[in-house]
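See structure below.
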Amino acid sequence: MKKMLAEDAEFAMRCEKRELLVMENRAIKNVQERIKSMLLRMGSFNSASKIINDDCQDNDVNLPKNISRSELLQYCHERPYGQLMFKRAFKKSNGKRADESDNMGIKLRKLHAVTEVCSDYTTSPHSLRLFQWNILSQALGKENDNFARCPEEALDWNHRKYLIVEEIIEYCPDVICLQEVDHFHFLKHVLETQGYTGMFFPKPDSPCFYIDGNNGPDGCAIFFRTDKFELLRAETRILEIWRIQSNQVALLMILKVKQTGQEICVVTTHLKARRSALLATLRNEQGKDLLEFVRQNCGDRPTILSGDFNAEPAEPIYGTVLGSGQHLASAYAECAGNGWIPSDKREPPYTTWKIRDEGEVCHTIDYIFYSKNKLDVDGVLELPTEKDIGPDRVPSLRYPSDHFSLICDFRIRTHSSQADSDTNVNTS
1 MKKMLAEDAE FAMRCEKREL LVMENRAIKN VQERIKSMLL RMGSFNSASK IINDDCQDND
61 VNLPKNISRS ELLQYCHERP YGQLMFKRAF KKSNGKRADE SDNMGIKLRK LHAVTEVCSD
121 YTTSPHSLRL FQWNILSQAL GKENDNFARC PEEALDWNHR KYLIVEEIIE YCPDVICLQE
181 VDHFHFLKHV LETQGYTGMF FPKPDSPCFY IDGNNGPDGC AIFFRTDKFE LLRAETRILE
241 IWRIQSNQVA LLMILKVKQT GQEICVVTTH LKARRSALLA TLRNEQGKDL LEFVRQNCGD
301 RPTILSGDFN AEPAEPIYGT VLGSGQHLAS AYAECAGNGW IPSDKREPPY TTWKIRDEGE
361 VCHTIDYIFY SKNKLDVDGV LELPTEKDIG PDRVPSLRYP SDHFSLICDF RIRTHSSQAD
421 SDTNVNTS
C-alpha cells in the first residue's frame with residue numbers, strides 16, 4: 001500500500017511539473033508574441049511588402065586604383081553643389097585645443113587645413129585613430145526623415161556621397177565605423193583606392209526595404225587600413241530583447257597590428273531609435289545583449305565599441321555600458337577631464353542637430369567607448385559650433401548627415417606601460 005501511495009504521489013508530481021512546464025512555455029510564447037507585436041507597432045518590423053533591390057546604384061563610379069588622397073579630395077570638391085565643409089579643431093586630452101599654445105609657448109598640432117590633417121597624424125604601431133559616424137541612409141534621409149529646412153539639393157546622393165568621402169578621408173583614420181550605410185559598394189570601391197577594406201552587416205528588416213527606389217538595406221560597416229592591420233576574425237549579431245530577435249545589429253572585428261602582433265577588438269552598432277521610457281528600456285536590453293556579445297568575442301583584448309546608441313547619457317544603457325565590468329569608458333567624456341564630474345555630465349552637448357517637421361532635435365546619442373585599462377585617449381575631434389552648423393542645422397549643403405562624425409586618437413598600452421598602470425592602481 002505504501003509503495004502504491006508513493007508511486008501515485010510521484011506520478012502526480014511528474015504530471016504537475018509537466019503542466020507547469022507547459023504553462024511556462026505558453027507564458028513565454030505569449031510574452032514573445034507581445035514583444036513582436038510591440039516592435040511591429042514601433043517600426044522595428046514592417047508587415048508591408050518588401051521592395052528588394054541590389055546595391056547597384058553606384059556601378060558607374062570608376063576611380064583610378066592609384067588615385068592619391070589629395071587627388072581624391074580635389075575630385076570631391078569639384079562635385080555638384082560644391083561647398084566647403086566646416087573644419088573642426090582637435091582637442092588634446094589635457095583639455096587644450098589643437099590650435100592653442102601650452103604654457104611653454106609650444107604650438108600644439110591642429111587639424112584645420114586639409115594638408116595638415118594627415119601629415120600631423122602619423123600612424124604608429126601603438127596608435128589608433130578611430131572614426132565613428134552615422135552617415136544617414138540615403139533612402140531614409142530622402143524619403144522618411146522629414147528634414148524641414150534642408151535644401152533638396154543637399155539630399156541628392158550625387159552631392160552627399162562625395163561629402164561623405166571627404167569627411168572620412170580628410171582625417172586619415174586607421175579604423176572607420178559607420179551606421180545607416182545603404183551604399184556600401186560605393187564606399188568600399190572608393191576607400192579601397194586609399195588602402196582600406198571593410199565589411200557590411202545589414203539590418204534584417206531594414207526600413208529601406210519599404211521605400212521605392214532603395215539601394216538595398218541599411219546597416220553597419222567597419223573599414224580598416226590594410227597596411228596596418230590584418231583581419232583575424234569577424235562576427236555579427238542581430239541584437240535580442242528578452243531573447244527575441246530585434247531589428248538592430250552589431251558588427252565586430254578582431255584586428256592584428258601587423259608590426260607588433262597586438263590584437264584589437266572593434267565593434268560598432270546602431271540601437272533602436274525614438275524616445276520614450278519603454279524604448280529606453282528596450283535599448284537597455286539590446287545593450288545588455290550587445291555587451292555579452294562583446295564579452296564573448298573580445299575577451300581580454302583592447303576593445304573599442306562605437307555607434308549610434310540613440311540614447312542620451314541619462315538613459316539606462318549609458319550606465320549599463322560603463323558598469324558592465326568590462327572596464328569601458330567614454331572617450332569624449334574622458335578627454336573632457338575632471339574625473340570628479342560624472343561621465344554623463346562630461347559628454348558633448350550634441351552629436352546630432354536637426355530640424356524635422358515635428359521640431360528641432362539637439363542632443364548627444366553617439367559614443368566611442370573603449371577599454372580604459374588597455375587604451376589611453378590622446379585627443380578627440382571637437383564638435384562643430386552652432387555658428388559653423390548654421391540656423392538650418394544638418395544635413396545641409398555643407399554637411400551630408402544629421403549626425404556629426406566622432407574621431408578619437410588612442411594609444412595602445414604596451415605590456416610595460418600596462419604593468420606600470422596596474423601597479424599604480426594597486427598602490428593607490
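Position 334, counted from 1, in the sequence shown is what the UniProt record's numbering calls 334; the numbers after and before it change by one each time, with no gaps. All C-beta atoms in this analysis are idealised placements derived from N, C-alpha and C, irrespective of residue type, glycine included.
Anyone know if the C-beta pair for residue i and residue j falls short of 9 Å?
i, j, result
"A329", "F369", "yes"
"R79", "Y162", "yes"
"L178", "C150", "no"
"I365", "A311", "yes"
"V380", "F90", "yes"
"P400", "R160", "yes"
"D54", "H189", "no"
"I211", "L187", "no"
"P313", "S343", "yes"
"T320", "L291", "yes"
"G195", "R225", "yes"
"E167", "S405", "yes"
"Q132", "I355", "no"
"F201", "A250", "yes"
Within 10 angstroms of the Cβ of residue i, are there 16 or more other Cβ atoms? Answer buried if so, exposed if not.
i, result
"T414", "exposed"
"Q259", "exposed"
"C15", "exposed"
"T122", "exposed"
"C56", "exposed"
"W353", "buried"
"D182", "buried"
"N247", "buried"
"E10", "exposed"
"N66", "exposed"
"R295", "exposed"
"I412", "buried"
"K345", "exposed"
"N284", "buried"
"N215", "buried"
Tell me the residue span of the alpha helix (DSSP H) that contains residue i.
i, result
"C265", "Per DSSP, C265 belongs to no alpha helix (DSSP H); it is in the beta strand (DSSP E), 263-270."
"W157", "157-170"
"E386", "386-389"
"Q296", "277-298"
"Y399", "It is not in any alpha helix (DSSP H) - Y399 carries neither H nor E in the DSSP assignment."
"N240", "The sequence shown places Glu at residue 240, not Asn. Looking at the DSSP string, E240 is not in any alpha helix (DSSP H); the run it does join, the beta strand (DSSP E), is 229-241."
"H327", "Run containing H327: none; DSSP gives neither H nor E here."
If contacts are defined as beta-carbon pairs under 8 Å, then residue i and residue j qualify, I think. What distance do you get, rounded to the angstrom?
i, j, result
"L130", "F410", "7 Å"
"L140", "E180", "7 Å"
"W377", "S93", "In the sequence as presented, Trp is not what sits at residue 377; that position holds Val. Contact holds; Cβ gap of about 5 Å."
"L72", "I176", "Contact doesn't hold; Cβ gap of about 15 Å is too wide."
"K372", "H327", "5 Å"
Counting along the chain, where does the beta strand (DSSP E) carrying residue i start and finish?
i, result
"C76", "It is not in any beta strand (DSSP E) - C76 instead sits in the alpha helix (DSSP H) that spans 69-77."
"T320", "Counting along the chain, T320 falls outside any beta strand (DSSP E), though it belongs to the alpha helix (DSSP H) covering 316-322."
"L178", "175-181"
Have a look at residue i and residue j and give me their C-alpha separation to the nearest angstrom.
i, j, result
"F223", "N338", "33 Å"
"T193", "Y171", "16 Å"
"D388", "L305", "28 Å"
"Y350", "L383", "8 Å"
"L282", "Q245", "12 Å"
"C208", "L136", "12 Å"
"L252", "C298", "9 Å"
"T385", "N146", "24 Å"
"H77", "Q83", "7 Å"
"K228", "E235", "20 Å"
"K256", "S47", "42 Å"
"M13", "G325", "42 Å"
"V361", "L21", "48 Å"
"Q262", "I254", "10 Å"
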